[in-house]
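Enquirer:
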């Protein structure tokens, strides 16, 4: 795992972080639920909690889908190319390219035949890692690897990711074991965690 | 564009051509010393992700110069490719894969190497013309 220069992180007195969606993006509960699951994957292994709130202006983390030049000097480039970006702590800005074909269900059936679709949760988990202070990793299996192949779903934390986030914030007291969670995608998506995390 | 699953994606959108980066395939095989029409665009790509510092902005040519060679080599190290310094097929294949927009190299420091919290610093000469690659293991 890697960290941003200077190892920025959310301060000790801010372990319960809020996130909000840009009100200009009319997102369904299903889409918001994808982000809730993605945040949950990080809070599962470290001492951070995330709560969705309505107030976009006061939230610690702000999430928005935008196209092209959206004002931060890092314009999106249409379908594929760059998919999203996020800023290091304590900025909390998380931007996604609205031009992508985002798949929100996590369903992998026939996914491999689609070359221009991207799994939203996979990208969300990666970008949240940036929001929390992790940089890109050269471990290809890790969440924080910079690229994602279209038609692939990658949401499982590797030991590289877990070690990185626990270096920054410590372990979740309820996270027993040093190895990353091994639940399968299907177990997670139908289990109590996935359901409870939905907004 | 949100789709509940892949079957919901209209056929016309399923195999959309990548707008910009697929064109990079034309640079496959390019190496140091060549001048290839449009090569400046791949320098912009590398600059976007931190492999070429912002100080070089606006001065890109189509020459495969030392600046580009060093950027390619660092990219290849980061992605554990064979470090050839050339835009070989495997390197190009990696470049066109969709990716996060965050840079891999921040303020001249690449953090993307194998191992825990190793950092590799990329220092550039004060004159700003000939970059010098210098790695430091922390």
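Residue numbers (this note's numbering), protein chains in the order written: chain P, 158 to 356; chain A, 3 to 140.
Using N, Cα and C, we set each Cβ at its ideal position, and we do this for glycine too.
1. Alpha carbon to alpha carbon, what distance is there between residue 324/P and residue 169/P?
2. If you compare alpha carbons, which of 12/A, 114/A, 69/A is closest to residue 33/A?
3. For a test of the three-state rule: what should DSSP assign to residue 317/P, helix, strand or coil?
4. Take residue 31/A and list the residues in its own chain whose beta-carbon comes closer than 8 Å to its own, dropping the five residues that flank it on each side.
5. By a C-beta neighbour count over all protein chains shown, 10 Å radius and 16 as the cutoff for buried, is residue 190/P buried or exposed?
6. Could you tell me whether the stretch 233-250 of chain P touches the stretch 65-80 of chain A, using the rule of 3 or more Cβ pairs below 8 Å?
7. Which residues does DSSP list as the beta-bridge partners of residue 291/P?
8. Using three-state DSSP, classify residue 4/A as helix, strand or coil.
9. From the beta carbon of residue 43/A, is the nearest beta carbon of chain P less than 8 Å away?
10. According to DSSP, is residue 178/P helix, strand or coil?
11. Can you tell me which residues form a DSSP beta bridge with residue 101/A?
12. Residues of chain A with CB under 9 Å from residue 188/P, in chain order?
13. Jot down the residue ranges of each uninterrupted alpha helix (DSSP H) in the stretch 55-87 of chain A, minimum 4 residues, whole runs only, in chain order.
14. What residue ranges within the stretch 206-251 of chain P form continuous beta strand (DSSP E) runs of no fewer than 3 residues, ordered along the chain?
15. Pick helix, strand or coil for residue 188/P, following the three-state DSSP scheme.
16. Using 10 angstroms around the beta-carbon of residue 12/A, count the other beta-carbons present and answer buried if the total reaches 16, otherwise exposed.
17. As a quick exercise: from 15/A, 10/A, 51/A, pick the residue whose alpha carbon is nearest that of residue 110/A.
18. Cβ atoms of residue 158/P and residue 317/P: under 8 Å apart, would you say?
19. Could you pull the DSSP bridge partners for residue 328/P from this structure?
20. Can you check whether the C-beta of residue 241/P is within less than 8 Å of a C-beta belonging to chain A?
21. Below 8 Å between beta carbons: does that hold for residue 177/P and residue 206/P?
22. If you check the beta carbons only, do residue 319/P and residue 188/P fall under 8 Å apart?
23. State the Cα-Cα distance for the pair residue 180/P and residue 4/A, rounded to the nearest angstrom.
24. Quick one: using the 10 Å Cβ neighbour count with 16 as the cut-off for buried, is residue 63/A buried or exposed?
25. Between the Cα of residue 258/P and those of 286/P, 245/P, 294/P, 239/P, spot the shortest distance and give me the residue it belongs to.
26. Return no unless some Cβ of chain A is closer than 8 Å to the Cβ of residue 288/P.
27. Going by CA-CA distance only, name the one from 330/P, 261/P, 235/P, 262/P that's closest to residue 101/A.
Expert: The relevant details are as follows:
1. Walking along the first chain from the start, residue 169/P turns up at place 12. Walking along the first chain from the start, residue 324/P turns up at place 167. Taking the straight line joining both Cα atoms gives about 13 Å.
2. Residue 33/A sits at position 31 when you count from the first residue of the second chain. Minimum Cα distance to residue 33/A is reached at 69/A.
3. Within the first chain, numbered from 1, the residue matching residue 317/P stands at position 160. Here residue 317/P sits in helix by DSSP.
4. Stepping through the second chain from its first residue, residue 31/A is reached at position 29. If we look at residue 31/A and ignore the five residues flanking it on each side, its Cβ neighbours are 88, 89, 90, 91.
5. Position 33 of the first chain, counting from 1, holds the residue named residue 190/P. With 16 or more Cβ atoms within 10 Å of its Cβ, residue 190/P is classed as buried.
6. Taking 8 Å as the limit for Cβ pairs, the verdict is that the stretch 65-80 of chain A does not touch the stretch 233-250 of chain P.
7. Looking up residue 291/P in the first chain gives position 134. Paired residues: 160/P.
8. Within the second chain, residue 4/A is the residue found at index 2, counting from 1. Residue state, collapsed to three classes: strand.
9. As a position in the second chain, residue 43/A is number 41, starting the count at 1. Output row for residue 43/A: interface = no.
10. Position 21 of the first chain, counted from the start, is the residue given in the question as residue 178/P. Note: residue 178/P maps to strand in three-state DSSP.
11. The residue you call residue 101/A lines up with position 99 of the second chain. DSSP lists 239/P, 304/P as the bridge partner or partners of residue 101/A.
12. Position 31 of the first chain, counting from 1, holds the residue named residue 188/P. Those within 9 Å of residue 188/P in chain A are 4.
13. Segments of the alpha helix (DSSP H) lying fully in the stretch 55-87 of chain A: 68-80.
14. With a minimum length of 3 residues, the continuous beta strand (DSSP E) runs that stay inside the stretch 206-251 of chain P are 206-209, 218-223, 241-243.
15. Walking along the first chain from the start, residue 188/P turns up at place 31. Note: residue 188/P maps to helix in three-state DSSP.
16. On the second chain, residue 12/A is found 10 positions in, with the first residue counted as 1. So residue 12/A ends up on the exposed side.
17. In the second chain, the residue the question calls residue 110/A occupies position 108. The shortest C-alpha to C-alpha distance from residue 110/A to any of 15/A, 10/A, 51/A is the one to 51/A.
18. On the first chain, position 160 is the one that residue 317/P refers to. On the first chain, position 1 is the one that residue 158/P refers to. Against a cut-off of 8 Å, the Cβ pair of residue 158/P and residue 317/P comes out as a contact.
19. Here residue 328/P corresponds to residue number 171 of the first chain, with the count starting at 1. 203/P.
20. In the first chain, residue 241/P corresponds to position 84, counting from 1. True, the Cβ-Cβ gap to chain A drops below 8 Å.
21. Position 20 of the first chain, counting from 1, holds the residue named residue 177/P. Position 49 of the first chain, counting from 1, holds the residue named residue 206/P. It is not a contact, given that the beta carbons lie outside the stated cut-off.
22. Translated into positions along the first chain, residue 319/P becomes position 162. Translated into positions along the first chain, residue 188/P becomes position 31. No, these two residues do not count as a Cβ contact at 8 Å.
23. Counting from one through the first chain, the residue named residue 180/P turns up at place 23. Counting from one through the second chain, the residue named residue 4/A turns up at place 2. About 17 Å.
24. By 1-based counting over the second chain, the position of residue 63/A is 61. So residue 63/A ends up on the exposed side.
25. To locate residue 258/P, count along the first chain from 1; it is residue 101. Selected option, being the one with the closest Cα: 239/P.
26. Here the question's residue 288/P lines up with position 131 in the first chain. False, the Cβ-Cβ gap to chain A never drops below 8 Å.
27. Residue mapping note: residue 101/A aligns to position 99 of the second chain, counting from 1. Checking every option, the nearest Cα to that of residue 101/A belongs to 235/P.
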